[in-house]
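Chains as they are written, first to last, in our numbering: chain D, 7 to 136; chain W, -1 to 489; chain P, -5 to 447. Notes to accompany the following structure.
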Ligand SMILES: Cc1ncc(COP(=O)(O)O)c(C=O)c1O
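Written as structure tokens, this is what we have:
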């Protein structure tokens, strides 16, 4: 069974978003997405300070058979990419909602968060895809 | 099982193969030491016999057309006639410096001129350039010509190239190389292009549509004339990816279907070798509206002699694509093959390639395999989908591919085109005998039986190859791309 | 029927299995209006004997000469074993090694090639080949623009880089709006004292030919450090045989170049009217994901044994499609097979001797020709190729030499008018003292001098 933690927000492109106390958000890809991609061998992350628009390709996750863009769920400025992934891209497979996070971002407008899917909506989306 | 050490591991310091280099080291005392190499490059020190043995043994670790049935869809792995190689390697062809005067190369130029004419005949086009060095470079040339055509008409906004989702990866990649944007459109359930989707995307930004016909789904696009009308009416041009020309050789002409430019992979249809990855040739043929833009050089005829036409003769050309004139040796091989076939031979190529594919398809269908487009006539290739087998047994297309290797068959193309799940794209080619096809059906049937009986055993395949399944993830995560060991010292 | 094995009986059984009356029916999905019944422009087929006769005749219609022409393609000795082995059917008729377990021969060979080539240029990694030197140069420029930290789409290039490569690169770079900008030159090479002219401008990379088109030795150490201090990448465009003797790009300046590329033809590939040859490309490990083309890596199989496989494929067109690093698919694999065998036979000492002998022979040639009145060496030092000033217009002299069976060199006038009446000459290790004397004799004759001078 694929995990879909309740407290997170989701996108139709299988990213998750977690709001942090300091106003930033942490972004990763869902358990379903990592499973579809297979074992990751490389993650390309944006440089800190880059401004991204909503829906822009901001990172790339690569397995041996596929490479997928990860899109910015919110507009904002990149605070940091997950430095652990340079040596251990497999963290995205083993712990997609924890150690395997991709990017920390400072949203331009925190209200955009409300427009994302909640866990129930995302669960429904996956059911529909099958 | 056969293994072979790396050539570096067979090296011993001080051993040389001296017959191949000057007997002494000539003086270079006029050169300042700052420009000289301080440490010798890491090359092996081995005898000629060791070299011959090593590379002979390595060759024996390969599957090849010469040793195995190789039904790799979209790649046209047919017999590569020996005559093509022997004659293209005549010393009179090999000794030609690319910059020698045209008068010294009349035999080469005449052959290439004839080849240009033959390629016009098989495509129905009016102009040919032989210079693209592979299909992908032909695609680049084609889209660059289309861009140049639009720009020459002051039509500056046409930067979109439409490609069906079944297209080969080089099609969208070539569009990008030309500075265009690739727009993907879906395929309908019968394998033909979705015309409504096409109508929605064509417009004032359309530079071209790129199509393979028959497509990589192994079916002929029946509404091709309608597609041509839609795209032309919108001001765009039609690009024909000729990777599958083998299927229609002498049966239909790309020009007749409304295409403006075509590339031909001579290493497919005209049976030049694949060489373990290349070289190939991606010659382009065009109709009159694109002729001025053809890449140079082109062989022309002037006062009874053959000459290379270059910048001065072709001012609107998109330019050069290579240092000299492309893969001439491959062009000669294709020319020799075409002369051996002749007009009837060419029609037989498409006829028997299609016969073999339809026969194999019919036999696999009656053996219970799922044909991806069962209501369609197969072209020279067809797709089976193992989705049901995968669901029922857990055996994937990859498992089937590996198990085929154990049974002495190279695997068909797997997981391409991307839109058919668990697919095998099978192209037997015209040079295979019926017995070989029957044996292949038998092998696939056995493998499916094994999947039902003992999928674990199936997943252990291959077991008879020089190595078993390789760890791709390790290869990518712990990159080891060059030998780092020290030459082994004598012990 | 050439190459088709079917008997009448096979045909009958197969048509019956399919359920059609004849082969033509199999084409019934092609709309009738598009179908053709013959190819009028194609002559009838010939027997192998007849085609052999035809091609022998065509081969004989070409004219062999004594070759003093280099300019990017060089006549070297190719050991007999090279093409005997490379033309083996198991190499010749195999496809790209996508099914790794069935392609270990090709894969191991490419891994060995990558190791040799990376060692030769002193870089960390090499790809499995590009089409030729010109396209490798163009791809290196594109790669540098992707990899560079600068946003510039302009690449600096030495004036004396192969003029035809530069033209090809311009075709290939135009679509992606990458622009080549020329470095200032003096005395047959880049002028390091004039670099201040470029101050305040931003470039992604600088390309340095080694040796350059004129046989000149660029000030690579100075230029590499200059470029690095301005955050540009450095691309070394090298003759691989020359690297048997010359400093490899990995050792240029304080940090070494970042990318090396060039034409592989001198490594065992026949001249053959310009192709097939192969382009090579190597780079620093940090740039490997921006490199175009196939790459082979070593890994283990499920039993823990060493094996080889294509890797980093997510850069390539079959996975990344429109976002791939390049559109290249088919490369020049068989040429790499030959080059790997060639390098194995020569070894580093053999390659060094070939390079040194080419240089020594070119020096002898320069000495012999400049003993004629009015023939002068333009620039020194040079390596392997040299520029001579001639007392008369070059083109008619070269035509006269050609008529006498000598390819006398490359006329530089059109590409580099600042050089005046100048010809680029080259004598590889294959040219003997008699060959050189024959050239001198013919040139003296063409200049209307007594050969004995
Ligand atoms: C349908 C199709 N298009 C284009 C290509 C690209 O041709 P090449 O590999 O010669 O660049 C191929 C070959 O693999 C192909 O199968």
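The beta-carbon is built from N, C-alpha and C at its ideal position, and this holds for glycine as well. These figures come from a predicted structure and were not determined experimentally.
- Note on geometry: alpha-carbon atoms of residue 339(W) and residue 439(W) lie some 29 Å from one another.
- Under the three-pair Cβ rule at 8 Å, the segment 123 to 136 of chain W does not count as touching the segment 89 to 105 of chain P.
- Exclusion of residue 102(W) from the 6 Å shell around ligand 1 follows from its C-beta lying no nearer than that to any non-hydrogen atom of the ligand.
- In the DSSP assignment, residue 173(P) forms a beta bridge with 148(P).
- The closest heavy atom of ligand 1 lies 6 Å or more from the beta carbon of residue 240(W).
- For residue 72(W), the shortest C-beta to heavy atom distance toward ligand 1 is below 6 Å.
- Of the residues 462(W), 433(W) and 358(W), the one whose Cα lies closest to the Cα of residue 13(P) is 358(W).
- Against chain D, the beta carbon of residue 470(W) has neighbours under 7 Å at 70, listed in chain order.
- Straight across, the Cα-Cα distance linking residue 425(P) with residue 68(P) is about 12 Å.
- Residue pairing by DSSP places residue 382(W) opposite 369(W) and 422(W) in a beta bridge.
- Of all residues in the segment 335 to 350 of chain P, none is placed with a Cβ closer than 9 Å to any Cβ belonging to chain D.
- Contact of residue 389(W) with chain D is not assigned, every C-beta pair being separated by 7 Å or more.
- The beta carbon of residue 323(P) sits closer than 6 Å to at least one heavy atom of ligand 1.
- Residues are counted here when their Cβ sits less than 7 Å from a Cβ of chain W; for the segment 28 to 45 of chain D these are 45, given in chain order.
- Bounds of any alpha helix (DSSP H) do not take in residue 74(D); it lies within the beta strand (DSSP E) bounded by 73 to 77.
- For residue 132(W), the shortest separation between its Cβ and any heavy atom of ligand 1 lies below 6 Å.
- Per DSSP, the beta-bridge partners of residue 261(W) are 239(W) and 282(W).
- Assignment of alpha helix (DSSP H) within the segment 28 to 71 of chain W, counting only whole runs of 4 or more residues, yields 46 to 57 in chain order.
- DSSP places residue 97(P) in the strand class (E or B) of the three-state scheme.
- Residue 143(P) is outside the set of residues whose beta carbon lies under 7 Å from a beta carbon in chain D.
- The DSSP assignment places complete beta strand (DSSP E) segments of no fewer than 3 residues inside the segment 348 to 384 of chain P at 379 to 383, in order along the chain.
- Judged by DSSP secondary structure, residue 137(P) falls outside any beta strand (DSSP E) and instead within the alpha helix (DSSP H) spanning 127 to 141.
- Cβ atoms of residue 148(P) and residue 197(P) come within 8 Å of each other, at about 5 Å.
- When secondary structure is reduced to three states using DSSP, residue 408(W) falls in the coil class, being assigned neither helix nor strand.
- Residue pairing of residue -2(P) in beta bridges, as defined by DSSP: absent, with no partner found.
- Between the segment 14 to 25 of chain D and the segment 82 to 92 of chain D there are fewer than three inter-stretch CB-CB distances shorter than 8 Å, so the stretches are not counted as touching.
- Ligand 1 approaches residue 166(W) closely enough that one of its heavy atoms is under 6 Å from the residue's Cβ.
- Taking 7 Å as the CB threshold, residue 338(W) lines the interface with chain P.
- Cβ atoms of residue 295(W) and residue 317(W) stay farther apart than 8 Å, at about 11 Å.
- A direct Cα-to-Cα measurement between residue 145(P) and residue 139(P) gives close to 8 Å.
- For residue 278(W), the shortest separation between its Cβ and any heavy atom of ligand 1 lies below 6 Å.
- For ligand 1, no non-hydrogen atom lies closer than 6 Å to the CB of residue 99(D).
- For the segment 311 to 326 of chain P, the set of positions with a beta-carbon nearer than 7 Å to some beta-carbon of chain D reads 313 and 314 in chain order.
- CA-to-CA, the gap between residue 402(P) and residue 466(W) works out to about 55 Å.
- Look at the beta carbons and you see the segment 261 to 268 of chain P not touching the segment 46 to 62 of chain W: under three pairs across the two are nearer than 8 Å.
- The beta carbon of residue 197(W) lies closer than 7 Å to those of 228 in the same chain, with the five residues before and after it left out.
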